[in-house]
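Undergrad:
In my numbering, the protein residues as written are 15 to 137.
#1: Identify the continuous alpha helix (DSSP H) that holds residue 106 and give its terminal residues.
#2: How long is the line joining the alpha carbons of residue 124 and residue 79, rounded to whole angstroms?
#3: Run through DSSP, which three-state label would residue 78 get?
#4: Excluding the five sequence neighbours on either side, which residues of its own chain have a C-beta within less than 7 Å of the C-beta of residue 65, listed in chain order?
#5: Comparing alpha-carbon positions, which option in 121, 102, 98, 118 lies nearest residue 69?
#6: Assuming the contact rule is C-beta atoms closer than 8 Å, residue 119 and residue 57 should be a hit. Round their C-beta distance to whole Å, please.
#7: Between 122, 54, 91, which has its C-alpha nearest residue 72's C-alpha?
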């Protein structure tokens, strides 16, 4: 299902944020924050969170509208809860096909780097 919003997070976004953080030398929190964009584990977790929030946004958008009944909303929420359980199992098995940002991040980086401890933190 293609939604009508633009994807704000891309893999070029960290570079833009790094440039913005570097230009704000007076604010130490932002300058230290830019170091996170060199941490592959942190970026992996961030891409996972981006996927989860994308899925939550899609659920939120599907619940809106004058034609949506309480029964439809309840069914969609129940289905989403089941998907969460399914996604937990998938992450436990290291299957990341359901997560587009994570899949893209792993394919762009060294997939061997993401060992069991990184996946265990997600579950």
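We put the CB at the ideal spot given by N, CA and C, even for glycine.
TA: With the structure as the only source:
#1: As a position in the chain shown, residue 106 is number 92, starting the count at 1. Unbroken alpha helix (DSSP H) run through residue 106: 84-106.
#2: Counting from one through the chain shown, the residue named residue 124 turns up at place 110. Counting from one through the chain shown, the residue named residue 79 turns up at place 65. Answer to the nearest angstrom: the Cα atoms are 43 Å apart.
#3: Here residue 78 refers to the residue found at position 64 of the chain shown. For residue 78, the secondary structure class from DSSP, reduced to helix, strand or coil, is coil.
#4: By 1-based counting over the chain shown, the position of residue 65 is 51. Cβ neighbours of residue 65 beyond the five flanking positions: 113, 114, 115, 116.
#5: Indexing the chain shown from 1 puts residue 69 at position 55. For the residues 121, 102, 98, 118, the minimum Cα distance to residue 69 belongs to 98.
#6: One-based indexing of the chain shown puts residue 119 at position 105. One-based indexing of the chain shown puts residue 57 at position 43. 7 Å between Cβ atoms; contact.
#7: Position 58 of the chain shown holds residue 72. For the residues 122, 54, 91, the minimum Cα distance to residue 72 belongs to 91.
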